[in-house]
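S.K.: First the structure, which I've put down as structure tokens, then a few questions once you've had a look.
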Amino acid sequence: MSLPTLHVEIDFSTGPSFSYPFILDSLGFGILDTNVLADAPADLVDVSAQVRKVSTRRGRNRILANFEAGTATVVLNDPNSDFNPQNTSSPYYGKLLPLRKIRIYATTIFNSNPINVNLFSGYITSYDTSFYQGTTEDAVVTLQCADGFRLLNNVSTELPPIPGATAGQLSGARIETLLDFADFPDSMENINPGNSTMQVDPGGNRSVLAAIQTIEQSEFGAFFMGRSGKATFLERNVISELADVSPTEYTDVYPLGPGQYPYSSVDFAFDDQLVLNDVSITRLGGTPQIVTDQTSIDTYFYKSGQRTNLLMQTDAEALDQAQMLVASRKDATLRIDSMRLDLNSDIDEQNTALNLNMDIYNLINITKTMPGGSTITQELFVQGVSHDISPGKWNVTVYTAEPIIQAFILDSSTQGVLDQNALTY
């Protein structure tokens, strides 16, 4: 199986929307809720033939941390100095401005048909030129890129409360209000309604991104930028239900069975980093809700964590969040922090497409054979994905964590087990 074909396109048009039109009957660009309508005509340049190296990273390392801005680095050959903004003979003269749009995607074969898979959609933050051996040699330009978090972090909410951010508003509606304030396009939003109602926006001088992340923590949901550049918010109940889907099986036990896929390596950890046995959750204007577990404290000493100035409407909900955190994080467990996939290896087209499509909150099951003959199997959520691509090389690293919300779901063989799955709030 040959490696996928890498594509890098720059869109020099203005506006935050990605100008990749919805095309009927197209496997790559005819997907409802995936391809978006643009807000300006595309001014696309395909620079794929100049690419020397690409790396992308999206997501987060730790389950309790905020999602980070997705980033990408693209290294291009630039023998004619086309990406020098002072070169008046460049075809891009006058267009090489910060925050122009960039899209990185792959083409692979699936079921005998070519498919396009988005890897990263974002904005060029800098054009860095260097030379192999002095100014007489060909230049290379490095494009440093960030996703839509960069735009949201650049917008201040100023001091007054956000208009329309009223008390009793569901978390998803509040995030949409904040995105509207930042003029983020509706066509680039994928927002769940939410399960928690919010207090009135408190105002204050903070970024729109910081305000959204406060809502994310108040709901105990997830806010990140999707591979196609869409602002994505998953509510708490949706996250708990995602733990009940059939996981994709990765294993190092051979021969592989039906529906099982290989990996190159996994990274284990056994430490106290995620242990929490003394948690305080405080909503704005509320009383701190403190939950402890004495058995865990006796075993691991105090491992405290706190969240303050959250915007849920009641102390009771703050207490629910504190109880859930302690219940799921009071014990140290052997973790699989990451898994490495090698697209150069001898894998079939389905496996290649699966690895390329790996995304945040996919549920996977990893089995690792340990020295001595024992095996460890863990069911995990994908929390982040990185791609490292150069000629003849394509590695995918998947960052993982156990589901933190183990909801009790009736009639589920995995999430409906008494005394094993906790009732989420």
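Quick note on the working numbering: the sequence shown kicks off at 9 and runs consecutively.
Here a beta-carbon is modelled for each residue, glycine too, at the ideal position from N, C-alpha and C.
(1) Measure the C-alpha to C-alpha separation of residue 41 and residue 129 and round it to an integer number of angstroms.
(2) Just mark residue 224 as buried or exposed, buried being the case when its beta carbon has 16 or more other beta carbons within 10 Å.
(3) Report the option in 107, 137 and 190 whose CA atom is closest to the CA atom of residue 94.
(4) To which residues of the same chain is residue 92 closer than 7 Å at the C-beta, ignoring the five residues directly before and after it?
(5) Relative to the C-alpha of residue 278, which residue among 216, 344 and 254 is closest?
(6) What do you reckon, are the CB atoms on residue 216 and residue 189 nearer than 8 Å?
(7) Can the beta-carbon of residue 62 be found less than 8 Å from the beta-carbon of residue 82?
(8) Between the alpha carbons of residue 37 and residue 126, how many angstroms are there, rounded?
(9) Near residue 160, which residues of its chain fall below 6 Å by C-beta distance, leaving aside the five closest residues on each side in sequence?
(10) Quick one: what's residue 320 bridged to in DSSP?
(11) Tell me, which residues are paired with residue 347 by DSSP?
(12) Answer yes if the segment 262-275 comes into contact with the segment 285-304, meaning at least three C-beta pairs across the two stretches below 8 Å, and no otherwise.
(13) Going by other Cβ atoms of all chains shown within 10 Å of its Cβ, with 16 needed for buried, is residue 192 buried or exposed?
(14) Within the same chain, show all residues whose beta-carbon is closer than 8 Å to that of residue 308, passing over the 5 residues directly before and after it, in chain order.
(15) At a threshold of 7 Å, does residue 229 count as lining the ligand COA (C-beta to nearest heavy atom)?
(16) Going by CA-CA distance only, name the one from 244, 110 and 60 that's closest to residue 23.
(17) Leaving out the 5 sequence neighbours to the left and right, which residues in its chain are closer than 8 Å to residue 330 when beta-carbon positions are compared?
(18) When you compare the CB positions of residue 124 and residue 115, do they come within less than 8 Å of one another, or not?
(19) In terms of DSSP beta bridges, what is residue 258 paired with?
(20) Is it right to say residue 44 is buried, meaning 16 or more other beta carbons lie within 10 angstroms of its own, or is it exposed?
(21) Look at the alpha carbon of residue 361 and the alpha carbon of residue 21, and state the distance between them as a whole number of angstroms.
(22) Determine the DSSP secondary structure at residue 76, reduced to helix, strand or coil.
(23) What does DSSP give as the partner residue(s) for residue 230 in the beta ladder?
(24) Can you tell me where the alpha helix (DSSP H) holding residue 308 begins and where it ends?
(25) Please list, in chain order, all residues of the same chain as residue 312 whose beta carbon is under 6 Å from its beta carbon, the five residues on each side excluded.
(26) Within 10 Å of its beta-carbon, does residue 108 have 16 or more other beta-carbons around it, so buried, or fewer, so exposed?
(27) Going by C-alpha to C-alpha distance, which of 199, 156, 271 and 202 sits closest to residue 237?
(28) Which partner residues of residue 124 appear in the DSSP bridge assignment?
(29) Taking the alpha carbon of residue 397 as the reference point, which residue from 352, 89, 77 and 276 has its own alpha carbon closest?
(30) Give the single residue among 259, 401 and 390 whose Cα lies nearest to the Cα of residue 247.
(31) Please return the same chain residues whose Cβ sits closer than 8 Å to the Cβ of residue 310, not counting the five positions on each side in sequence.
(32) Using DSSP with H/G/I as helix, E/B as strand and the rest coil, what is residue 24?
(33) Tell me the DSSP secondary structure of residue 65 in three-state form.
(34) Any idea if residue 326 is buried or exposed, counting beta-carbon neighbours within 10 angstroms, 16 or more meaning buried?
(35) Do residue 356 and residue 393 count as a contact pair if the criterion is CB distance below 8 Å?
(36) With C-beta atoms as the reference, is residue 403 less than 8 Å away from residue 269?
M.R.: According to the data block:
(1) For the purposes of this step, residue 41 is taken as residue 33 along the sequence shown, with counting starting at 1. For the purposes of this step, residue 129 is taken as residue 121 along the sequence shown, with counting starting at 1. Unreliable placement is indicated for residue 41, whose pLDDT of 46 sits below 50; the coordinate value is still reported in the next sentence. About 15 Å.
(2) For this step, residue 224 is matched to residue 216 along the sequence shown. Burial is judged here by how many other beta carbons sit within 10 angstroms of a residue's own beta carbon; residue 224 has at least 16 and is buried.
(3) Counted from its first residue, the sequence shown places residue 94 at position 86. When only C-alpha atoms are compared, the closest one is 137.
(4) The residue given as residue 92 occupies position 84 in the sequence shown. Around residue 92: 98 and 137.
(5) Sequence index remark: in the sequence shown, residue 278 carries index 270 (1-based). Ranking the options by Cα distance to residue 278, first place goes to 344.
(6) By 1-based counting over the sequence shown, the position of residue 216 is 208. By 1-based counting over the sequence shown, the position of residue 189 is 181. For the 8 Å CB-CB criterion, residue 216 and residue 189 form a contact.
(7) Looking up residue 62 in the sequence shown gives position 54. Looking up residue 82 in the sequence shown gives position 74. It is a contact, given that the beta carbons lie within the stated cut-off.
(8) Taking the first residue of the sequence shown as position 1, residue 37 is located at position 29. Taking the first residue of the sequence shown as position 1, residue 126 is located at position 118. Residue placement at residue 37 is poorly supported in this model, since its pLDDT is 49, which falls under 50; the coordinates are not used for a value here.
(9) Within the sequence shown, residue 160 is the residue found at index 152, counting from 1. Beyond the five residues adjoining it in sequence on each side, residue 160 comes within less than 6 Å, by CB distance, of 190, 216 and 217 in the same chain, given in chain order.
(10) Translated into positions along the sequence shown, residue 320 becomes position 312. DSSP, once it has assigned bridges, lists 206 as partnering residue 320.
(11) Residue numbering aside, residue 347 sits at position 339 when the sequence shown is read from its first letter. Paired residues: 274 and 406.
(12) Short answer: they don't touch.
(13) For the purposes of this step, residue 192 is taken as the residue at position 184 of the sequence shown. With 16 or more Cβ atoms within 10 Å of its Cβ, residue 192 is classed as buried.
(14) Indexing the sequence shown from 1 puts residue 308 at position 300. Hits under 8 Å: 280, 283, 285 and 340.
(15) Looking at this structure, you won't find the ligand COA or any other ligand, since it has none at all.
(16) The count along the sequence shown starts at 1 and reaches residue 23 at position 15. Selected option, being the one with the closest Cα: 110.
(17) Position 322 of the sequence shown, counted from the start, is the residue given in the question as residue 330. Excluding residues within five positions, the ones whose Cβ falls inside 8 Å are 287, 288, 289, 297, 298 and 299.
(18) Here residue 124 refers to the residue found at position 116 of the sequence shown. Here residue 115 refers to the residue found at position 107 of the sequence shown. Contact: yes.
(19) One-based indexing of the sequence shown puts residue 258 at position 250. DSSP lists 269 and 374 as the beta-bridge partner residues of residue 258.
(20) If you number the sequence shown from 1, residue 44 lands on position 36. Note that residue 44 has pLDDT 49, beneath the 50 cutoff, so the model's placement of it is unreliable and the number below is only indicative. With 16 or more other Cβ atoms from the protein chains shown falling within 10 Å of its own Cβ, residue 44 counts as buried.
(21) Here residue 361 refers to the residue found at position 353 of the sequence shown. Here residue 21 refers to the residue found at position 13 of the sequence shown. Cα to Cα, residue 361 sits roughly 30 Å from residue 21.
(22) Taking the first residue of the sequence shown as position 1, residue 76 is located at position 68. Residue 76 falls in the strand class under three-state DSSP.
(23) If you number the sequence shown from 1, residue 230 lands on position 222. Answer by DSSP bridge pairing, in chain order: 242.
(24) Position 300 of the sequence shown holds residue 308. 302-308 is the extent of the alpha helix (DSSP H) around residue 308.
(25) Along the sequence shown, one-based indexing puts residue 312 at 304. Excluding residues within five positions, the ones whose Cβ falls inside 6 Å are 286.
(26) In the sequence shown, counting from the first residue as 1, residue 108 sits at position 100. By the neighbour-count rule (16 or more Cβ atoms within 10 Å), residue 108 is buried.
(27) Against the sequence shown, residue 237 aligns to sequence position 229. Taking the Cα of residue 237 as reference, the smallest distance to any Cα among 199, 156, 271 and 202 is reached at 156.
(28) In the sequence shown, counting from the first residue as 1, residue 124 sits at position 116. As computed with DSSP, residue 124 is found in a beta bridge with 115.
(29) Working through the sequence shown from its first residue, we reach residue 397 at position 389. The shortest Cα separation from residue 397 among 352, 89, 77 and 276 belongs to 352.
(30) Translated into the one-based positions of the sequence shown, residue 247 becomes position 239. Per the Cα distances, 390.
(31) In the sequence shown, residue 310 corresponds to position 302, counting from 1. Non-local beta-carbon contacts of residue 310 in its own chain, meaning distances under 8 Å to residues more than five positions away in sequence, involve 285 and 286 in chain order.
(32) If you number the sequence shown from 1, residue 24 lands on position 16. In this structure, residue 24 counts as coil in the three-state DSSP scheme.
(33) Counted from its first residue, the sequence shown places residue 65 at position 57. The three-state reading of DSSP puts residue 65 in strand, counting E and B together.
(34) As a working note, residue 326 is residue 318 in the sequence shown. With 16 or more other CB atoms across the displayed protein chains lying within 10 angstroms of its CB, residue 326 is buried.
(35) For this step, residue 393 is matched to residue 385 along the sequence shown. For this step, residue 356 is matched to residue 348 along the sequence shown. No, the pair does not count as a contact, with Cβ atoms beyond the cut-off.
(36) The count along the sequence shown starts at 1 and reaches residue 403 at position 395. The count along the sequence shown starts at 1 and reaches residue 269 at position 261. In this structure, residue 269 does not lie closer than 8 Å to residue 403 by Cβ.
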